[in-house]
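Working notes, structure below.
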Amino acid sequence: MAAQAHAIDYDPERNYDEDTLAQQREIEKEIAESQPLISSLFTFDDIVEEYTREDEVYRHKIENLKTRYANLRKTRGDGNCFFRAFGFGYLETLLSNPTDYQRFLEICEKSKDELIALGFPQFTLEDFYDTFIDIVKQVKNPGQLEKLLETFNDQGLSDYFVVYLRLLVSGFLQKNEDDYIPFIDGERTVKQFCSQEVEPMGKESDHIHAVALTKALRVPICVEYMDREGQTCNSFMFDPTESPEESSPKPALTLLYRPGHYDILYPL
Amino acid sequence: MAGSALKRLMAEYKQLTLNPPEGIIAGPVDEENFFEWEALIMGPQDTCFEGGVFPARLTFPPDYPLSPPKMKFSCELFHPNIYPDGRVCISILHAPGDDPMGYETSAERWSPVQSVEKILLSVVSMLAEPNDESAANVDAAKTWRDDRKGFEEIAKVTVRKSLGL
Chain W
12 MAAQAHAIDY DPERNYDEDT LAQQREIEKE IAESQPLISS LFTFDDIVEE YTREDEVYRH
72 KIENLKTRYA NLRKTRGDGN CFFRAFGFGY LETLLSNPTD YQRFLEICEK SKDELIALGF
132 PQFTLEDFYD TFIDIVKQVK NPGQLEKLLE TFNDQGLSDY FVVYLRLLVS GFLQKNEDDY
192 IPFIDGERTV KQFCSQEVEP MGKESDHIHA VALTKALRVP ICVEYMDREG QTCNSFMFDP
252 TESPEESSPK PALTLLYRPG HYDILYPL
Chain F
1303 MAGSALKRLM AEYKQLTLNP PEGIIAGPVD EENFFEWEAL IMGPQDTCFE GGVFPARLTF
1363 PPDYPLSPPK MKFSCELFHP NIYPDGRVCI SILHAPGDDP MGYETSAERW SPVQSVEKIL
1423 LSVVSMLAEP NDESAANVDA AKTWRDDRKG FEEIAKVTVR KSLGL
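Dropping the structure here:
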């Protein structure tokens, strides 16, 4: 327990828990000041510098990505990067795809009542839904990229958008509880898992979050996994239609995964 | 987003006024400032806190409900999960990353769809069932564990004090 760790010079009057939390806040603040929530476009030459000369595996993989992707946008490492990368990246594609926009809008507009039916209290859900749908509707007017980037870099708006995506994932998992319970670790119900690992802000996303989000919104995405294993990135397709491999749909967007973090990739 | 926080707090106040949960009264201290609430919590029945009325303050951050409020009892309350200065330390008041007490993974955590009502109901459960695994007041946790009678005696004195007796 804490008392043991502070055995030397332990001052019972002092609140060490608060110190720990304050330090954590300080680190979060530093990250917030140095990284935008969604960056402008970078080239791979910009990120190759993040890896030392000796780091051959990563350098090799970046060279390989360069043969397929032109740019990337970086997202802030705040535990919400998967949701934020997905949200911005996908809405950005909708700017030039009115048909898919219409389809997506319909799914989103139905989602609120579905979540209420699952037991989410209306008064806690409504504000997130309203902000979310307003942001989705920004896409309707073409040429809104600058505005969208500005919205996603507004901490409040951007976080409300992320909250709603988290609720969609939670709702999807709860609705399809029987299919997902085998993938939940610990002695937890799907509902408990959602309230601990999905709904709270800053909780990082695992495979199950990505599966649920792409299925809930029926948006196929591809993730390029860049780790120290192997010679090239492994790409994985999250295909909500579950069609056989040869006929799987073209991904609406591609994310780059580096251990613990997602960014957005732009194909050549 | 202080505007969103205000809107949400007003909605929660309305909700709590229309459907007050048993044994709980809560609302802004002053209708000019919705970020500072006062709550009155009745000691749960069939526990050593039964009959007491315990006042507490809730302080909401500007980004509420993305971040949880802080809660502090403004009366004396000897309890394993309440710091000697009155601050309440339960898992629902912390996001999953904030883990000062090493809460169990199954413990309920703060998320934006939690609410003041959920917090206050958790506090009522906490009064009824102290958790001595993650103690904010080590003395109280020890007394609760090793000298239950002594703990109940202290609680009874607190109940009488809370009623101004």
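Protein sequences, first through last, are from chains W and F.
If you read the first sequence in this note's numbering, its first letter stands for residue 12, the second for the next number, and so on.
If you read the second sequence in this note's numbering, its first letter stands for residue 1303, the second for the next number, and so on.
Note that the Cβ used here is the ideal one computed from N, Cα and C, for glycine as well.
Please read these numbers as outputs of a predicted model, since none were measured by experiment.
At a cut-off of 8 Å between beta carbons, R1447 (chain F) makes no contact with chain W.
For a Cβ distance threshold of 7 Å, residue set D138 of chain W lies close to R1310 (chain F), ordered along the chain. Distance from Y101 (chain W) to K151 (chain W) at the Cβ level is roughly 15 Å; contact not present, criterion being Cβ atoms closer than 8 Å. F:P1432 is the residue among F:S1417, F:P1432 and F:G1354 whose C-alpha sits nearest the C-alpha of C1391 (chain F). In the DSSP assignment, L1422 (chain F) falls within the unbroken alpha helix (DSSP H) covering V1418 to A1430. Distance from T225 (chain W) to F249 (chain W) at the Cβ level is roughly 4 Å; contact confirmed, criterion being Cβ atoms closer than 8 Å. Out of F:A1430, F:K1444, F:M1428 and F:H1396, the CA that lies nearest to the CA of Q1416 (chain F) is found in F:H1396. Nearest to A1437 (chain F) by alpha-carbon distance, out of F:V1426, F:G1329, F:T1460 and F:Y1385, is F:Y1385.
Pairing F53 (chain W) with V59 (chain W), the inter-Cα distance amounts to about 11 Å.
For V174 (chain W), the C-beta contacts it makes with chain F under 9 Å involve P1367, L1368, S1413, P1414 and V1415, in order along the chain. Within the segment 83-153 of chain W, the complete alpha helix (DSSP H) runs of at least 4 residues fall at 92-105, 109-128 and 133-148. Distances from the alpha-carbon of L178 (chain W) to those of W:D190, W:F163, W:D196 and W:Q207 put W:Q207 closest. Under DSSP, A1443 (chain F) forms no beta bridge with any residue.
Beyond the five residues adjoining it in sequence on each side, C205 (chain W) comes within less than 7 Å, by CB distance, of S181, L184 and Q185 in the same chain, given in chain order.
For L1311 (chain F) against F1362 (chain F), the beta-carbon gap comes to about 6 Å, under 8 Å, which counts as contact. Sequence-distant Cβ neighbours of E29 (chain W) in its own chain, meaning closer than 7 Å and more than five residues away, do not exist here.
R87 (chain W) sits close to Q46 (chain W), with the two beta carbons spaced by under 8 Å. Here R1462 (chain F) carries a helix assignment [DSSP, helix/strand/coil]. Taking C-beta atoms as the reference points, F134 (chain W) and E1454 (chain F) fail to come closer than 8 Å.
Residue W:L276 holds the alpha-carbon nearest to the alpha-carbon of I232 (chain W) among W:L276, W:S50 and W:E240. Taken residue by residue, none of the segment 1342-1364 of chain F has a beta-carbon sitting less than 7 Å from a beta-carbon on chain W. Proximity of chain W to E1410 (chain F) at the Cβ level (cut-off 9 Å) is accounted for by Q203, S206 and Q207, in chain order. The beta carbon of I127 (chain W) lies closer than 7 Å to those of Q133 and L136 in the same chain, with the five residues before and after it left out. Under DSSP, T1361 (chain F) takes part in a beta bridge, and its partners are F:E1338 and F:K1372. Using a Cβ-Cβ cut-off of 8 Å, P270 (chain W) does not count as an interface residue toward chain F, since no Cβ of chain F sits closer than that to its own.
Minimum Cα-Cα distance from L1360 (chain F) among the listed residues F:R1389, F:S1424, F:K1372 and F:F1351 corresponds to F:K1372. V209 (chain W): not part of any alpha helix (DSSP H); DSSP gives it neither H nor E. By the criterion of at least three beta-carbon pairs nearer than 8 Å, the segment 34-46 of chain W is not in contact with the segment 235-252 of chain W. At least one C-beta of chain F is nearer than 8 Å to the C-beta of P211 (chain W). Listed by position along chain F, the residues whose Cβ is nearer than 7 Å to that of D170 (chain W) are L1368. Between the segment 160-177 of chain W and the segment 1445-1459 of chain F there are fewer than three C-beta pairs closer than 8 Å, too few to call the two in contact.
Within chain F, the residues whose beta carbon sits less than 7 Å from that of K214 (chain W) are P1398, listed in sequence order. At a Cβ-Cβ threshold of 8 Å, G271 (chain W) and D89 (chain W) do not count as neighbours.
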